[in-house]
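For the sequence shown, the residue numbers in UniProt numbering are 1 to 545.
Ideal Cβ placement from N, Cα and C applies to all residues, glycine included.
Okay, so here's the structure we're looking at.
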Amino acid sequence: MVGMDLEAITKHSALHAKPNGLILQYGTAGFRTKAVHLDHVMFRMGLLAVLRSKQTQSTIGVMVTASHNPEEDNGVKLVDPLGEMLAPSWEEHATCLANAEEQDVQSVLLDISKKAAVDLQRDAYVVIGRDTRPSSEKLAHSVIDGITVLGGQFHDYGLLTTPQLHYMVYCRNTSGQYGKATIDGYYQKLSAAFAELTKQAPRSGDGFRSLKVDCANGIGALKLGEMERYLSQGLSLQLFNVGTEGRLNHLCGADFVKSYQKPPQGMEMKSNERCCSFDGDADRIVYYYYDADGHFHLIDGDKIAALISSFLKELLLEIGENLNIGVVQTAYANGSSTRFLEEVMKVPVYCTKTGVKHLHHKAQEFDVGVYFEANGHGTVLFSKAAEMKIKQLAKESKDEKRKAAKMLENIIDLFNQAAGDAISDMLVIEAILALKGLTVQQWDALYTDLPNRQLKVKVADRQVISTTDAERQAVTPPGLQEAINNLVKKYKLSRAFVRPSGTEDIVRVYAEADSQESADSLAHEVSLAVFQLAGGVGERPAPCF
Ligand code: G16
């Protein structure tokens, strides 16, 4: 077959053999499981990235990471030409290829090429990034093996945050218009926008705002360390959990803080100090603080979206161009946040399935699309038309209108337009707080979260649970949704749902109610219903806390 050396593919594929009986799915954010089971998937995703690159005639990205998962896991996802998540039809190809038996790899590749009308004669270019997991470097080499055996060219960026790889792909496919496809280009773009944006902010004391960052013992520590010298203006960072002692994501990081609603280990916090946590690949961020009475307050993705949307809405009113703004959330969004956005902020709110790929897609429907998952994963997208209008106003209008347009112009540059990005989000948040003169407590006081609890339940096969209505209703197994409905009725202001995770081998349970005790109790009762009706394994879920 022209364009494919089938013999070489067979030979190399045998060196990356698939474990017998292993079936994996391209899930919420690519393939994820124990790192020891992933060598064949990496090699095959190298092959697939070459086909996708030939088909789109663009550079494709491959990121080796399992983000928030434990250190022994790993994962891989492909990044499409505009820095977006892989198109759904190609997720199916990815699943087919990853699960093909050894003797079928060639025919599956040919089948994908035919179905997706890939011109095998074309060139292919793939860029690769990886996180700091001990397994990542070797797995990245397996990806490279897959790329080269299909004749693709590649650039290995080595250690990157996931959003940095998305940025690189976007830059490379827009002839540098979005920015320079180098790590220096990324830092320069963000730091310049941050400096411009915060120029007008009132300064206090030595002029530096300080922020404590828990880096989850991951890549964020390395990259924030590199970025600090670019941030000469206004922000001083103190980094914790930098990977020299603890394990990745263990008792620290954004997922831990959000799930357990406690501060990470290894962080020194004084009352009323603003602190934040990244996750293992630095695509999520949550903030928090202790109040003067020693109570812990979490400021999650919902409240980040609330702060950002209110700031953007003010600026949009100022420029008065009728640009529409929408906020996208998932079922995990706290009921109070949705009410605040709709009733106080008067912005339209939409709910999609979990996974930034779904939120990103929906946010593209607006001039200004704000999307955040409650877990702190999100960004803001500006349509091309909105961006052009804003740029024009920043040049041509006068006074307050011009000032607002200039701020928006810098905000567009500061937000990663390709993917949710903890570094970029952190800079936007810090800029808004500085410009508005807001303390972390004032931000927190925008609304009061309904008490909530998230739990995990282990079942034999999590796919027995299927859902509808943006994952808010369980369709199967029979009887589960009725059981949840009956439990929810027992509590005030309550809501609960369950869904199979797309990144871990567990079922997730979410409950909220009028008090923490009720939310905990409802979450526990729903977990028991899942355990009974969906084939729980191991010990029955114990009461929460
Ligand atoms: C990934 C996705 C997120 C999603 C999270 C949890 O995050 O990018 O959109 O919310 O997994 O997904 P699930 O509940 O299906 O396990 P990350 O930060 O791990 O890449």
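Within the stretch 48-118, the runs of beta strand (DSSP E) that reach at least 3 residues and sit entirely inside it are, in chain order, 59-64 and 73-79. Bounds of the alpha helix (DSSP H) holding Cys-171 are 162-173. Distance from the C-beta of Thr-10 to the nearest heavy atom of the ligand G16 is not below 7 Å. Collapsing the DSSP output to three states places Val-41 in a helix. In this chain, the alpha helix (DSSP H) harbouring Thr-198 covers 183-198. Residues Asn-410, Asp-413 and Leu-414 of the same chain have their beta carbon placed closer than 7 Å to that of Ala-193, with the five preceding and five following residues left out of the count.
Under the DSSP assignment, Lys-223 falls outside any beta strand (DSSP E), being part of the alpha helix (DSSP H) whose first and last residues are 219-227. Between Val-507 and Val-459, the C-beta spacing is below 8 Å.
Contact between Ala-483 and Leu-533 holds: their C-beta atoms lie close to 7 Å from each other, under 8 Å. DSSP, read as helix, strand or coil, puts Ser-277 in strand. When the Cα atoms are used, Tyr-510 and Arg-540 turn out to be separated by approximately 17 Å.
The three-state secondary structure of Tyr-230, taken from DSSP, is helix.
The set of residues with a C-beta under 6 Å from any non-hydrogen atom of the ligand G16 comprises Thr-28, Ala-29, Ser-67, His-68, Asp-279, Asp-283, Arg-284, Thr-354, Gly-355, Val-356, Glu-373, Asn-375, His-377, Ser-501, Gly-502, Thr-503, Glu-504 and Arg-508, given in chain order.
Annotation for Phe-154: the continuous beta strand (DSSP E) segment containing it runs 153-159. For the UniProt domain "Phosphoacetylglucosamine mutase AMG1" (300-437), the continuous beta strand (DSSP E) assignments of 3+ residues that do not extend past its boundaries occur at 325-330, 349-352, 368-372 and 378-382, in sequence order.
Just measuring C-alpha positions, the residue of Val-76, Ser-336 and Phe-372 sitting nearest Lys-34 is Val-76.
Per DSSP, the continuous alpha helix (DSSP H) segment holding Leu-6 begins and ends at 6-15. For Leu-298, DSSP records a beta bridge to Tyr-288. The secondary-structure analysis by DSSP pairs Pro-541 with nothing; it has no beta-bridge partner. By the Cβ neighbour-count rule, Ser-232 is exposed, with fewer than 16 other Cβ atoms within 10 Å of its own.
With respect to Asn-324, Asp-293 sits apart: the two C-beta atoms are not nearer than 8 Å. Between the stretch 230-246 and the stretch 162-175, the count of C-beta pairs closer than 8 Å stays below three; the two stretches do not touch.
For Lys-489, the enclosing alpha helix (DSSP H) covers residues 480-489. Each residue's CA atom was taken as its position, placing Gly-369 and Lys-389 some 16 Å apart. For Asp-300, the number of other beta carbons within 10 angstroms of its own is at least 16, and it is reported as buried. Only residues of its own chain outside the window of five on either side were considered, and among them Arg-32, Gly-75, Asn-249, Gly-280, Thr-503 and Glu-504 have a CB closer than 8 Å to the CB of Asn-69, listed in chain order. With fewer than 16 neighbouring CB atoms inside 10 Å of its own CB, Gly-320 falls in the exposed class. Distance between Cys-96 and Val-108, taken at the CA atoms: about 7 Å. Straight through space, the alpha carbons of Ser-397 and Thr-28 are spaced by roughly 43 Å.
The continuous beta strand (DSSP E) containing Gly-129 extends over residues 125-130. Annotation: Gly-83 to His-377 spans about 16 Å, alpha carbon to alpha carbon. Cβ atoms of Val-126 and Val-62 come within 8 Å of each other, at about 6 Å.
Per DSSP, reduced to three states, the secondary structure at Gly-253 is coil, with no helix or strand assignment. Between the beta-carbon of Ala-116 and that of Val-64 there is about 23 Å, and that puts the pair past the 8 Å contact cut. Under the 8 Å Cβ criterion, the stretch 518-535 counts as touching the stretch 456-473, having at least three qualifying pairs.
With respect to the C-alpha of Ser-424, the residue from Gln-454, Leu-224 and Gln-153 having the closest C-alpha is Leu-224.
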